[in-house]
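Asks: My questions will all concern the structure given below.
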Ligand SMILES: *[C@@H]1O[C@H](CO)[C@@H](O)[C@H](O)[C@H]1NC(C)=O
Ligand SMILES: *[C@@H]1O[C@H](CO)[C@@H](O)[C@H](O)[C@H]1NC(C)=O
Ligand SMILES: *[C@@H]1O[C@H](CO)[C@@H](O)[C@H](O)[C@H]1NC(C)=O
Ligand SMILES: *[C@@H]1O[C@H](CO)[C@@H](O)[C@H](O)[C@H]1NC(C)=O
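This is how it looks when you write it as structure tokens:
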């Protein structure tokens with residue numbers, strides 16, 4: 001399908017140098033050019049995919065004898081499927097249960113097909129797929145273009161692409177993440193498009209996540225984002241996330257520093273993937289967890305949690321299940337947001353345009369002293385003249401309407417965010433009404449509407 005960008009909905013924004021604290025080289029933001037992108041035509045992932053992925057939390061733990069609850073086995077994926085189905089996740093859009101590395105046997109079978117480790121997946125993948133489908137969920141699996149997976153399991157060399165695509169389709173798999181360990185750039189250039197064709201040829205809709213750009217430095221000219229949009233539904237651009245705030249910051253910085261190149265590549269059916277959500281693990285404070293969720297929504301990022309849904313804290317759950325935040329992430333227009341400002345005070349402001357002239361702002365503190373009172377106005381942030389209704393995404397409060405010239409102050413906690421959903425007041429209903437969510441089912445649009 002040929003997709004046009006959203007040029008009709010988005011105006012050119014530019015910030016005039018009113019505020020002496022602004023770094024002007026970063027203060028200019030333009031969303032004028034949405035090149036015509038031919039998206040992969042499998043009908044999938046019109047909004048960023050959501051679900052659960054094993055890797056960051058459970059890695060390559062294959063010691064089922066000593067760690068039966070946490071090892072990579074069918075039990076782990078069935079447990080997580082139960083949680084997604086029973087604890088309110090599925091209804092919010094978290095529908096993928098994704099296997100990562102270390103699921104397979106060390107040997108292919110006699111016909112040269114991949115097979116799961118027989119001890120850890122005694123029921124086989126088709127049975128696991130049925131278990132997951134029965135709960136209204138989808139199953140993702142992992143492969144690696146190369147001689148071996150990163151964990152040393154059998155890889156998918158060029159001659160095995162067709163076989164592996166057929167195997168996955170035959171098993172009822174709904175998504176493939178294709179990693180790139182143990183292959184070189186020539187093989188990747190051939191292999192990633194070939195797998196896209198091979199998946200299509202199976203006749204089964206299988207979403208396709210490509211790690212290709214991450215192996216080629218993530219940037220043009222080594223990476224051709226036009227081509228990626230034609231062959232993959234999502235792609236990992238950069239390093240694997242780790243369970244630490246430093247890791248989250250390095251990812252946010254890389255994506256923001258390179259946003260002019262990356263932001264236009266994203267759109268319905270084809271997304272940049274800054275990697276998993278680590279909310280609910282060990283490395284992030286409450287403020288930092290909110291920041292990851294807010295910034296991933298700005299980036300129109302896939303929301304794959306990698307945590308233990310069996311033992312998740314209520315704080316983590318509240319962040320991950322925030323409906324308005326999810327609605328912002330899932331906005332059907334599918335325009336990735338941007339960092340607008342990097343202040344000398346170590347406050348950064350992010351913005352993303354949404355459907356129906358709505359938008360979201362995230363005020364992010366990189367400070368480590370105390371809550372910082374940041375003063376600005378919507379006009380300074382590039383907003384057109386007018387009245388805006390503001391909803392605070394984490395407190396759930398609707399604020400008094402702002403005009404573009406109203407001076408406001410937000411208090412931002414260290415390593416935390418304040419996140420606003422804004423809309424011009426003419427689109428809002430009676431004074432005081434809150435935004436709510438139109439909630440459609442899986443793979444459908446989930447986005448904030450204005451009452
Ligand atoms: C395969 O590609 C064609 C043309 O791009 C598309 O119409 C079709 O839906 C795709 N099929 C699958 C299963 O992805
Ligand atoms: C990539 O690997 C293939 C097969 O091992 C080899 O023939 C080819 O020369 C390599 N290409 C590069 C650019 O290293
Ligand atoms: C990038 O890919 C597109 C689509 O496949 C192609 O038309 C274009 O020539 C490529 N650009 C470069 C610089 O190779
Ligand atoms: C907002 O603050 C600026 C100074 O930063 C001032 O010039 C302006 O008059 C104020 N606007 C309003 C509406 O109070």
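In full-length UniProt numbering, the protein residues as written are 1 to 451. All residues carry an ideal CB built from backbone N, CA and C; glycine is no exception.
#1: Please classify residue 329: does DSSP put it in a helix, a strand, or coil?
#2: Residue 60: which of 142, 255, 329 sits nearest, CA to CA?
#3: Nearest-angstrom Cα distance between residue 363 and residue 107?
#4: Are the Cβ atoms of residue 208 and residue 175 separated by less than 9 Å?
#5: Would you please state the rounded distance, in angstroms, between the beta carbons of residue 347 and residue 383? I believe it to be under 8 Å.
#6: Only counting the same chain, and skipping five residues up and downstream in sequence, which positions put a Cβ closer than 7 Å to that of residue 166?
#7: Measure how close the beta-carbons of residue 118 and residue 303 come, nearest whole angstrom, since I'm counting them as under 8 Å.
#8: Answer yes if the stretch 302–319 comes into contact with the stretch 270–277, meaning at least three C-beta pairs across the two stretches below 8 Å, and no otherwise.
#9: Using three-state DSSP, classify residue 51 as helix, strand or coil.
#10: Taking its Cβ as the centre, do 16 or more other Cβ atoms sit within 10 Å of residue 331, making it buried, or is it exposed?
#11: To which residues of the same chain is residue 42 closer than 6 Å at the C-beta, ignoring the five residues directly before and after it?
#12: Looking at the secondary structure, which residues open and close the alpha helix (DSSP H) in which residue 197 lies?
#13: Tell me which same chain residues have a C-beta within less than 7 Å of the C-beta of residue 261, skipping the five on either side of it?
#14: Any chance the CB of residue 189 is under 8 Å from a heavy atom of ligand 3?
#15: I believe residue 386 touches residue 403 by the beta-carbon criterion, under 8 Å. Please report the beta-carbon distance rounded to the nearest angstrom.
#16: Could you check whether the stretch 338–347 touches the stretch 313–327, counting it as contact only if at least three pairs of C-beta atoms, one from each stretch, sit closer than 8 Å?
#17: Can you tell me where the alpha helix (DSSP H) with residue 257 in it begins and where it stops?
#18: Is the distance from the Cβ of residue 326 to the Cβ of residue 297 below 9 Å?
#19: Between 377, 113, 323, which lies nearest to residue 396 when the distance is taken from Cα to Cα?
#20: Rounded to whole angstroms, what's the CA-CA distance from residue 170 to residue 197? Just pull it up for me.
#21: Give the straight-line distance between the Cα atoms of residue 328 and residue 300, rounded to the nearest whole angstrom.
#22: I need the boundaries of the alpha helix (DSSP H) containing residue 225, first residue and last residue.
#23: Count the other CB atoms, across all protein chains shown, that sit within 10 Å of the CB of residue 56; report buried if there are 16 or more and exposed otherwise.
Replies: The structure says:
#1: Helix.
#2: Answer by Cα proximity: 142.
#3: Near 50 Å, if we compare the C-alpha coordinates of residue 107 and residue 363.
#4: At the C-beta level, residue 208 and residue 175 come within 9 Å of one another.
#5: Going by Cβ atoms, the distance from residue 347 to residue 383 rounds to 18 Å, so no, they are not a contact pair.
#6: The answer, listed in chain order, is 202.
#7: Not confirmed; about 33 Å, so no contact.
#8: Touching, per the Cβ criterion.
#9: The answer is strand: DSSP assigns residue 51 an E or B state.
#10: It is buried - the Cβ of residue 331 has at least 16 other Cβ atoms within 10 Å.
#11: Hits under 6 Å: 205.
#12: Looking at the DSSP string, the run of the alpha helix (DSSP H) that includes residue 197 is 185–201.
#13: Result list for residue 261: 219, 220, in chain order.
#14: Every heavy atom of ligand 3 is 8 Å or more from the Cβ of residue 189, so no.
#15: Residue 386 to residue 403, Cβ: 7 Å. Contact.
#16: No, because fewer than three Cβ pairs between the stretch 338–347 and the stretch 313–327 fall closer than 8 Å, the two stretches do not touch.
#17: DSSP places residue 257 inside the alpha helix (DSSP H), whose first and last residues are 245–257.
#18: Yes.
#19: The shortest C-alpha separation from residue 396 is found at 323.
#20: Cα to Cα, residue 170 sits roughly 16 Å from residue 197.
#21: Whole-angstrom Cα-Cα distance: 8 Å.
#22: Bounds of the alpha helix (DSSP H) holding residue 225 are 225–231.
#23: Under this definition residue 56 is a buried residue.
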